[in-house]
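K.L.:
First, the structure itself, so that you have it in front of you.
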Amino acid sequence: MAVPTVTAGATPRRYGPRHRWVVLAVGVGAQGSFSAMFSGIPVTGVSMRAGYHLSTGALGLALACLGLGVAVSDIVWGLLTDRFGDRRVLLTGLTSTGVLLVVMATAVTPADGAGTVLLAVCLTIAGALGGSVNGASGRAVMTWFGEGERGFAMSVRQTAIPAGGAVGVALLPWLAQAYGFRAVYAVPAAFCLLAAAATWRWLHEPAPTPGPPAPVVTESAVQRSPLRRWDVWRLALAGALLTVPQFAVLTFTAIFLHDVKGAGAALAGLTVLIAQLGGGAARIWTGRRTDRAGDSSGARRTCLRRIGVLAGIAMAGAAVLTDAPTPLTVAALALGGLLANAWHGVAYTEIAAMSGAGRAGTALGLIGTTLFAMAFLTPLLIPVVLAHASWAAVWGLAAAASLAAVPLAPAALRAR
């Protein structure tokens, strides 16, 4: 990949400040295309379990591999983004993800005799390639938007995760039942390839600011790497704990409602859809609100802690209501999932701001690694908890993780 970056040519210099909204749209499209696959495939869990002849534990392993792929690659993608630029990384990641999904649609379906190992390997690679969008699209936002707009812009970009996920949640289970897994993989492939085309056409670096050249920054003036700062790690680890209820609801709501409540995939899809879309709206609201605060950084940190408390309470309610009438249980899960989706924008903005624009890719890769490592572990842990306890214990564990994130997250500072 040792080739000239996109800043070397003349074309990017034609794009002025107004182009930032186009860049944001490209980032939203890139993030949403990956999320449609990442969130939609787990909700096909009932069809996947039956079609591939998987046990519940094997299903959890296969679904967890999506998160594992992102977790093992996100820091690498972040470092590559800081080195080579967001455009090249997005083009590489989106195109390769789309190609892999095409291969899966043609050769890794139940009709092809694919088993647990091949499915898990392919989902791991899909997560590893698609994870490129996390740091690269976030760095683009940090590059194009100023401090007074970054919270809102990053939250809009982060909203693409539940919004794109909602598309996948609404579409992929229906495709699995009506057309099989060839369609389940082919449709997200088309999304990723379209996002790659939009990236190639519209994602460029900002035009240089008029005036004298910026002073050369020496190595000693460069901020310490985010990977060597405990405050950055605290924020990333707090985000990982807040990911537990998010992925508990995402990956096992369908199985819970099917096995315990006798409900179909439609109710599970609706529950996750409410969590995804509601969480997306909450991300935008929290991003805008923290931007307007006098101390944006302090507001973001306070917001993150408050969401941890509320998500913990909601998931504790889901644990208590496990055996309640189905509407009450579904409402608690939807609320818990919504709150567990609400914090990403402020967390991603804060960790990027803490690290500086030049290190934003690495910082976003770090938080992506911790989040998706937990996204990998959560589906593996839930079947173990079920084997020794109950669904109430599953939702109670998600509540405990949310509450544990509160003291771990960095507190607001009086001065930056």
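Numbering-wise (the UniProt record's numbering), the sequence shown opens with residue 1 and increments by one. Ideal Cβ placement from N, Cα and C applies to all residues, glycine included. Note that this is a predicted model, so its numbers are computed, not measured.
1) Which of the three DSSP states is assigned to Leu241 in this structure?
2) Quick one: residues in its chain with C-beta nearer than 8 angstroms to the C-beta of Glu219, no 5 flanking neighbours on either side, listed in chain order?
3) Taking the alpha carbon of Ala282 as the reference point, which residue from Glu149, Trp230, Gly345 and Gly239 has its own alpha carbon closest?
4) Is it right to say Asp82 is buried, meaning 16 or more other beta carbons lie within 10 angstroms of its own, or is it exposed?
5) Starting from Leu227, trace the alpha helix (DSSP H) both ways and give me its first and last residue.
6) Going by the beta-carbon positions, is the gap between Ala36 and Val184 smaller than 8 angstroms?
7) CA-CA distance, Val141 and Thr349?
8) Cutting at 7 angstroms between CB atoms, please list the residues of its own chain near Ala160, excluding the five before and the five after it.
9) If we count Cβ pairs, one from each stretch, closer than 8 angstroms, do we get three or more for the region 146-161 versus the region 379-391?
10) Suppose you measure from the CA of Ala398 to the CA of Pro17; what does that come to, to the nearest Å?
11) Going by DSSP, what residue range makes up the alpha helix (DSSP H) through Trp343?
12) Buried or exposed, going by whether 16 or more other CB atoms sit within 10 Å of the CB of Ala10?
13) When we look at the beta-carbon of Thr253 and count the other beta-carbons within 10 Å, is it buried (16 or more) or exposed?
14) Determine the extent of the alpha helix (DSSP H) in which Pro162 is found, giving its start and end residues.
15) List the endpoints of the continuous alpha helix (DSSP H) containing Pro206.
16) My understanding is that Leu91 touches Gly365, with C-beta atoms under 8 angstroms, so please give their C-beta distance in whole angstroms.
17) Can you tell me the Cβ-Cβ gap for residue 427 and Val43, rounded? I've got them flagged as a contact below 8 angstroms.
18) To which residues of the same chain is Ala347 closer than 6 angstroms at the C-beta, ignoring the five residues directly before and after it?
19) Would you call the CB atoms of Phe372 and Gly165 closer than 8 angstroms?
20) Let me know if Ser55 comes out buried or exposed under the rule of 16 or more other beta-carbons within 10 Å of its beta-carbon.
21) Can you give the Cα-Cα distance for Arg288 and Gly151, rounded to whole angstroms?
P.N.:
For this structure:
1) The residue labelled residue 241 in the question sits at position 241 within the sequence shown. Three-state result, Leu241: helix.
2) By 1-based counting over the sequence shown, the position of residue 219 is 219. Reliability of the predicted coordinates at Glu219 is poor, the pLDDT of 35 falling under 50, and no value is obtained from them.
3) Residue numbering aside, residue 282 sits at position 282 when the sequence shown is read from its first letter. Of Glu149, Trp230, Gly345 and Gly239, the residue nearest in Cα terms is Gly345.
4) Counting from one through the sequence shown, the residue named residue 82 turns up at place 82. It is buried - the Cβ of Asp82 has at least 16 other Cβ atoms within 10 Å.
5) On the sequence shown, position 227 is the one that residue 227 refers to. First-last for Leu227: undefined, no H or E at that position.
6) The residue labelled residue 36 in the question sits at position 36 within the sequence shown. The residue labelled residue 184 in the question sits at position 184 within the sequence shown. No, they are not a contact pair.
7) The residue given as residue 141 occupies position 141 in the sequence shown. The residue given as residue 349 occupies position 349 in the sequence shown. C-alpha separation (whole angstroms): 9 angstroms.
8) Reading the sequence shown from its first residue, position 160 is the one you call residue 160. Val28, Gln31, Gly32 and Ser35.
9) no
10) Sequence index remark: in the sequence shown, residue 398 carries index 398 (1-based). Sequence index remark: in the sequence shown, residue 17 carries index 17 (1-based). If you take the alpha carbons of Ala398 and Pro17, they lie about 42 angstroms apart.
11) Numbered from its first residue, the sequence shown carries residue 343 at position 343. Looking at the DSSP string, Trp343 is not in any alpha helix (DSSP H), and its letter there is neither H nor E.
12) To locate residue 10, count along the sequence shown from 1; it is residue 10. Residue placement at Ala10 is flagged as unreliable, the pLDDT there being 42, under the threshold of 50; the coordinate-derived value follows with that caveat. The residue in question, Ala10, is exposed, as its Cβ has fewer than 16 Cβ neighbours within 10 Å.
13) Locating residue 253 in the sequence shown gives position 253, where the first residue counts as 1. When all chains shown are included, Thr253 counts as buried.
14) Residue mapping note: residue 162 aligns to position 162 of the sequence shown, counting from 1. Here the alpha helix (DSSP H) through Pro162 covers Glu147 to Ala178.
15) One-based indexing of the sequence shown puts residue 206 at position 206. It is not in any alpha helix (DSSP H) - Pro206 carries neither H nor E in the DSSP assignment.
16) The residue labelled residue 91 in the question sits at position 91 within the sequence shown. The residue labelled residue 365 in the question sits at position 365 within the sequence shown. Not really, about 17 angstroms apart at Cβ, beyond 8 angstroms.
17) Lying outside 1 to 416, the shown extent of the chain, residue 427 is not represented and no answer is given.
18) For this step, residue 347 is matched to residue 347 along the sequence shown. Excluding residues within five positions, the ones whose Cβ falls inside 6 angstroms are Gly239 and Leu304.
19) Start at 1 with the first residue of the sequence shown, and residue 372 comes out as number 372. Start at 1 with the first residue of the sequence shown, and residue 165 comes out as number 165. Against a cut-off of 8 angstroms, the Cβ pair of Gly165 and Phe372 comes out as no contact.
20) In the sequence shown, counting from the first residue as 1, residue 55 sits at position 55. The residue is exposed, with fewer than 16 neighbouring Cβ atoms inside 10 Å.
21) By 1-based counting over the sequence shown, the position of residue 288 is 288. By 1-based counting over the sequence shown, the position of residue 151 is 151. Near 6 angstroms, if we compare the C-alpha coordinates of Gly151 and Arg288.
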